[in-house]
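Residue 34 in full-length UniProt numbering sits at position 34 of the sequence shown, with consecutive numbering throughout.
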Amino acid sequence: MERLKALIGKKEDRVDFVSYLITILLTNKELYSDEILFRDAVEEIYRTLRSEVMDNGRKDLVEAYEKAVLLRAIVSGSIESPDKLLLEIKKGLTRWE
Numbered sequence: 001m002e003r004l005k006a007l008i009g010k011k012e013d014r015v016d017f018v019s020y021l022i023t024i025l026l027t028n029k030e031l032y033s034d035e036i037l038f039r040d041a042v043e044e045i046y047r048t049l050r051s052e053v054m055d056n057g058r059k060d061l062v063e064a065y066e067k068a069v070l071l072r073a074i075v076s077g078s079i080e081s082p083d084k085l086l087l088e089i090k091k092g093l094t095r096w097e
């Protein structure tokens with residue numbers, strides 16, 4: 001993450017940082033080619049939005065957080081198809097049946 005912060009070179013509030021980070025990801029193909037750096041950026045987006053929603057009660061960021069959860073899953077390779085994801089969710093619910 002320090003490499004990302006150095007690349008960006010800005011210190012702003014956490015949500016502004018995430019917004020700027022996403023802009024950098026969308027415009028700088030170098031980050032896409034560096035898989036570790038890209039995964040690190042996605043993890044930072046996820047953690048920051050999670051913290052803002054869960055810890056700070058930022059309900060206005062819930063939709064962005066939900067999308068960050070999906071992005072994180074896609075980048076980690078755990079989402080192969082909607083059917084498989086639905087089955088995985090169902091497996092996690094078996095204790096409630």
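All residues carry an ideal CB built from backbone N, CA and C; glycine is no exception.
Every value quoted in this text rests on a predicted model; they were computed, and no experiment measured them.
Between Y65 and V75, the C-beta gap is not smaller than 9 Å, which leaves the two residues out of contact.
DSSP places E80 in the coil class of the three-state scheme, outside both helix and strand. Collapsing the DSSP output to three states places D13 in coil. Of N56, L85, G57, the smallest CA-CA separation from L70 is found for L85. Taking a contact as a CB-CB distance under 8 Å, the pair R72 and E43 counts as one, their CB atoms being some 7 Å apart. Sequence-distant partners of F38 (beyond 5 residues in either direction) whose C-beta falls short of 8 Å from its own C-beta, in its chain, are L25, L31, Y32, V75. Judged by their CB atoms, V18 and I36 are not nearer to each other than the 9 Å cut-off. Judged by DSSP secondary structure, T48 falls within the alpha helix (DSSP H) whose first and last residues are 35-50.
One thing to note: A41 has its Cβ within 9 Å of the Cβ of L21.
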